[in-house]
Amino acid sequence: MEHFVDLIGITKTFGRELILDNINLYIDKNEFVTLLGPSGCGKTTTLRIIGGFEQPTSGELRMDGENMLSVPPHKRKVNTVFQKYALFPNMNVRDNIAFSLNLKKEKTAVIDKKIKNMLRLVNLDGYEKRTTTSLSGGQQQRVAIARALISEPKLLLLDEPLGALDLKLRLDMQLELKNIQKELGITFVYVTHDQGEALSMSDTIVVMNAGKILQIGKPKDIYDEPKNAFVAKFIGESNLTDGTMLSDFAVNFAGMDFECVDKGFEPNQAIDIVIRPEDIVITSPADGKLRGVVKNVTFKGVHYEMLVDAHGFLWKIHSTVLSPEGTEVGLTIAPDLIHVMKRDESSIA
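So in the working numbering, spot 143 of the sequence shown is number 134, and the numbers just go up one at a time.
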């Protein structure tokens, strides 16, 4: 893939506060990239630097190989959609979408054709004359997206644009946004703290915390192979415990020795263990590697979430088969579903 955006050694400080700590990030053309992390991790500042709304304290920003730090926001082929859509309440849908084209004094016939294409793209055919105040939150968000896209940017920045919507609308718009990105074939950079949004929409996820990039990868890779305890806890639900790497392919945790598929650690090296709740199988007590008692059961719709007290640890387990509270059970974990990570105390938040 060809790099489109390059952030090289970007550092940003506000007074004595370090916001971004020498980050390096390369974004390919036509890629849907999500910056994911908790509030205050630096993801929105990164987005604002790409858009030209903030200047880094040091580092380089390149687009298509061109240094962009001296280029003002309105001269970059970049548009931004914010959580607050900032639609003009005195204008109808058509005039909101056409705003940038009217400023450029485009011909009416050209504007009408582009608006028709945008309304089709965001599933708002026939809404041209509606007032924006009469629209639902999801419809207003579609208008904001159409307004950002009508000027044909090469890059669309989205700063938590679904945060104001209810759950059903958020899920619908996740699908809409991904479909729009695929149809247009342009680069999207999306900011969120919602792991579900990141996992469902992204080609690449960039996990951030405390101004640093902790891991970059495809959603499945980050979910299956988190690099440290912070990523494991932030991406999906997990059982995180400490352990000891006995040797290649052998690990000890919860007082028991297990086979695993990891190697390259020092003998008896202290490590972190991550096991996803869906990767633990409940068996009879006699057949389990671990034995425990079900302490709590919650019905989640597609599965039961059970907490099992076994060997001094409260294991979270997702299963479609119910084991009632108070039941003694066995637990088994396949070797390839035991994820071993280097111990990194600084990553645990």
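Glycine included, each C-beta is placed from N, C-alpha and C at the ideal position.
The structure displayed is predicted, hence computed values, not measured ones.
Close-in-space but distant-in-sequence residues of the same chain around residue i (CB under 6 Å, 5 per side omitted)
i: Glu228; result: Pro268
i: Leu9; result: Gly202
i: Leu328; result: Asp270
i: Asn13; result: Gly0 and Thr2
i: Glu319; result: Pro276 and Val284
i: Asn200; result: Gly28, Cys32 and Phe221
i: Gly279; result: Gly321, Leu322 and Thr323
i: Pro210; result: Leu190, Ser193 and Ile196
i: Tyr17; result: His(-6) and Asp(-3)
8 Å contact criterion, which residue i and residue j should meet: CB distance rounded
i: Asn21; j: Gly117; result: Not confirmed; about 30 Å, so no contact.
i: Ala89; j: Leu112; result: The pair is not a contact, with the Cβ atoms about 15 Å apart (cut-off 8 Å).
i: Leu60; j: Met109; result: With 8 Å as the limit, Leu60 and Met109 do not qualify as a contact, their Cβ atoms being about 31 Å apart.
i: Leu281; j: Met236; result: Not quite, the Cβ-Cβ distance comes to about 19 Å (not below 8 Å), so this is no contact.
DSSP beta-bridge partners of residue i
i: Asn93; result: Looking at the DSSP assignment, Asn93 forms no beta bridge with any residue, so it has no partner.
i: Phe238; result: A small correction: the amino acid at residue 238 is Ser; Phe does not occupy that position in the sequence shown. For Ser238, which the question treats as bridged, DSSP gives the partners Ala241.
i: Phe249; result: Val242
i: Arg53; result: Asp(-3) and Asn58
i: Gly283; result: Ala301 and Val320
i: Leu149; result: Val72 and Tyr181
i: Leu9; result: Thr4
i: Asp263; result: Asp233 and Met332
i: Lys105; result: Lys105 pairs with nothing; no bridge assigned.
Nearest-angstrom Cα separation, counted from residue j out to residue i
i: Glu(-7); j: Asp19; result: 5 Å
i: Ala245; j: Pro276; result: 16 Å
i: Lys98; j: Arg85; result: 15 Å
i: Val101; j: Tyr76; result: 25 Å
i: Phe(-5); j: Lys173; result: 17 Å
i: Arg161; j: Asp185; result: 11 Å
i: Val180; j: Ile324; result: 37 Å
i: Glu151; j: Thr35; result: 9 Å
i: Gly170; j: Arg121; result: One detail in the question is off: residue 170 reads as Asn in this sequence, not Gly. Answer to the nearest angstrom: the Cα atoms are 24 Å apart.
i: Asp253; j: Ala189; result: 27 Å
i: Arg53; j: Leu148; result: 16 Å
i: Asn243; j: Asp(-3); result: 42 Å
i: Asn219; j: Phe225; result: 10 Å
i: Gly192; j: Phe23; result: A small correction: the amino acid at residue 192 is Met; Gly does not occupy that position in the sequence shown. Roughly 7 Å between the two C-alpha positions.
i: Lys333; j: Thr37; result: 28 Å
i: Leu92; j: Asp103; result: 10 Å
i: Lys107; j: Leu94; result: 19 Å
i: Asn58; j: Leu11; result: 19 Å
i: Lys159; j: Thr178; result: 26 Å
i: Glu257; j: Pro217; result: 20 Å
i: Leu115; j: Gly56; result: 37 Å
Cβ neighbours of residue i in the same chain (closer than 8 Å, five flanking residues each side left out)
i: Pro64; result: Gly42, Gly43 and Phe44
i: Thr123; result: Leu78, Phe79, Pro80, Met82, Asn83, Val84, Asn87, Gln131 and Val134
i: Asp215; result: His330
i: Gly317; result: Val284 and Val285
i: Phe240; result: Glu250, Cys251, Val252, Asp253, Lys254 and Pro326
i: Gln46; result: Ile40 and Leu60
i: His294; result: Glu269, His309, Ser310 and Thr311
Neighbourhood of residue i by C-beta, 7 Å cutoff - its chain only, sequence neighbours within 5 removed
i: Ile213; result: Ile196, Val198, Gln206, Val222 and Ile226
i: Ile308; result: Pro268, Ile271, Ile273, Met297 and Val299
i: Gln74; result: Asp150, Glu151, Pro152, Gly154 and Ala155
The ligand COA heavy atom lying under 7 Å from the CB of residue i
i: Phe225; result: This structure lacks the ligand COA, and indeed carries no ligand of any kind.
Would you say the region 125 to 134 touches the region 142 to 162, given that touching needs at least three Cβ pairs under 8 Å? yes
Inter-stretch contact (C-beta, 8 Å, three-pair minimum) for the region 26 to 46 and the region 189 to 208: yes
Cβ pair count under 8 Å reaching 3, the region 62 to 81 against the region 131 to 148: Yes, the region 62 to 81 is in contact with the region 131 to 148.
Any 3 or more C-beta pairs closer than 8 Å across the region 279 to 291 and the region 301 to 316: yes
How do the region 253 to 265 and the region 224 to 244 stand: do at least 3 beta-carbon pairs fall below 8 Å, yes or no? yes
Give a yes or no on contact between the region 295 to 303 and the region 252 to 261, applying the rule of three or more CB pairs nearer than 8 Å. No, they do not touch.
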